[in-house]
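Letter 69 of the sequence shown, counting from 1, is numbered 113 in our numbering, and no numbers are missing. Every residue gets a Cβ at the ideal spot worked out from N, C-alpha and C, and that includes glycine.
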Amino acid sequence: MSATIIDGKERAAALRAQVARAVPRFTERTGRAPGLAVVLVGEDPASQVYVRSKGRQTIEAGMESFSFTLDASTTQEELLALVRRLNTDDAVDGILVQLPLPSQIDEHAVLAAIDPAKDVDGFHAINAGRLMAGLPSLVPCTPLGCSILVREQLGDLSGRHAVVVGRSNIVGKPVAMLMLHLNCTVTIAHSRTVDLPGVCRSADILIAAVGRPEMIRGEWIRPGATVIDVGINRLPANGDGKTRLVGDVDFASAVQVAGAITPVPGGVGPMTIACLLRNTLQAASARCGIAFDELMG
Ligand code: NDP
């Protein structure tokens with residue numbers, strides 16, 4: 045038996061299209077387009093690709109894109125000054141500081157400086173706390189993308205056992221919280237978990253956010269389970285100097301056992317930027333006192 049492949053590209057395109065349809069309704073009511081500011085410090089090639097892609101998709105959705113590229117030697121004070129300026133800029137609804145930051149800058153201090161109302165990455169402690177408390181908040185994009193994919197695949201999740209492998213603040217913990225709010229019974233596994241294969245095998249929904257290429261194999265998966273692979277790992281391809289992307293799940297063996305599975309690439313990855321656009325519109329709506337759900341139709 046071979047699993048259903050969850051097409052993240054197609055679902056992300058549908059979400060982007062939904063946002064793009066809602067943007068004119070926002071613009072009509074406010075006289076301006078929602079604006080997203082993306083700040084890149086340094087020249088990390090992967091970050092440059094992400095930032096370009098975010099800018100392009102923001103514009104394609106009909107929003108304003110403000111892009112700031114700062115030198116790798118930028119000081120923390122300089123970056124904080126830019127964040128404070130963006131916090132008070134009325135044309136900016138969302139602020140995203142691309143991580144990782146150079147070592148001279150304290151990431152936590154920068155994330156804490158972003159106005160929580162404009163924190164479209166959802167990493168500010170206020171938004172993390174509101175998510176934990178079940179209050180409306182800006183939810184981190186990758187976890188939000190995972191929860192959308194799972195819900196669209198399975199419908200009502202009540203009573204299902206979700207196992208999240210990974211407990212980072214940006215993926216593992218928030219995605220576990222979202223699964224809990226969707227009435228799953230949730231287990232969070234990590235590097236100290238005893239019998240990880242056994243824990244994974246108990247999952248109806250297995251979410252892998254580990255950062256270890258192809259660690260989770262088919263025999264760790266309960267037949268018919270839904271597998272969401274968040275991992276993005278680059279491995280050398282065939283010794284020709286090129287690289288290929290793989291997830292945290294060994295796709296070839298997992299696809300034989302799972303009921304449904306996200307591929308890498310083309311699974312969770314595309315959902316992340318689509319959710320960023322969605323969050324930008326959500327932040328813009330909240331700042332202007334417009335009901336977001338009404339706007340999204
Ligand atoms: P982190 O490195 O911050 O966290 C990894 C987690 O995995 C930690 O909690 C760690 O446990 C756990 N872990 C590591 N090794 C093992 C192991 N052998 N057994 C069990 N648990 C283990 O990673 P992130 O959460 O930031 O990212 C996870 C993956 O998701 C990465 O591949 C990353 O590239 C990808 N990613 C993809 C995104 C997308 O858009 N698709 C966005 C963000 C991330 P412990 O806490 O005990 O150390």
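Got a sec, what are the start and stop residues for the beta strand (DSSP E) residue i sits in?
| i | result |
| --- | --- |
| Asn131 | Run containing Asn131: none in the beta strand (DSSP E); it sits in the alpha helix (DSSP H), Gln120 to Asn131. |
| Lys53 | Premise fails: Lys53 lies in the alpha helix (DSSP H), Gly52 to Thr74, not in any beta strand (DSSP E). |
| His205 | His205 to Val209 |
Quick check: is any heavy atom of ligand 1 less than 7 angstroms from the C-beta of residue i?
| i | result |
| --- | --- |
| Leu236 | A small correction: the amino acid at residue 236 is Arg; Leu does not occupy that position in the sequence shown. Within the cutoff, so yes. |
| Leu240 | yes |
| Ser212 | yes |
| Thr316 | yes |
| Asn171 | no |
| Ala56 | no |
| Met259 | yes |
| Asn277 | yes |
| Thr102 | no |
| Val254 | yes |
| Gly178 | no |
| Gly313 | yes |
| Thr186 | yes |
| Ala206 | no |
I need the straight-line Cα distance from residue i to residue j, nearest angstrom please.
| i | j | result |
| --- | --- | --- |
| Glu121 | Ala304 | 47 angstroms |
| Phe70 | Ser329 | 7 angstroms |
| Gln92 | Ser111 | 11 angstroms |
| Leu325 | Asp284 | 43 angstroms |
| Val312 | Ser191 | 10 angstroms |
| Glu104 | Leu59 | 13 angstroms |
| Glu54 | Ala153 | 37 angstroms |
Do residue j and residue i count as a contact pair if the criterion is CB distance below 8 angstroms?
| i | j | result |
| --- | --- | --- |
| Ala156 | Ala169 | yes |
| Leu201 | Cys244 | no |
| Val230 | Leu224 | yes |
| Leu126 | Val83 | yes |
| Asp163 | Arg331 | no |
| Arg261 | Ser297 | yes |
If we define contact as Cβ-Cβ less than 8 angstroms, is residue i a contact residue for chain B?
| i | result |
| --- | --- |
| Ala220 | Structure shown: chain B not included; a single protein chain is present. |
For residue i and residue j, which I take to be in contact (beta-carbon distance under 8 angstroms), what is that distance rounded to the nearest angstrom?
| i | j | result |
| --- | --- | --- |
| Ala135 | Glu108 | 7 angstroms |
| Ile149 | Leu123 | 6 angstroms |
| Ile232 | Arg204 | Actually they do not touch by this definition, with Cβ atoms about 15 angstroms apart. |
| Asp273 | Thr237 | Actually they are not in contact, since the Cβ atoms of Asp273 and Thr237 sit about 18 angstroms apart, beyond 8 angstroms. |
Let's see if you can read the secondary structure: which residues bound the alpha helix (DSSP H) around residue i?
| i | result |
| --- | --- |
| Asn323 | Val312 to Arg331 |
| Leu222 | Gly216 to His225 |
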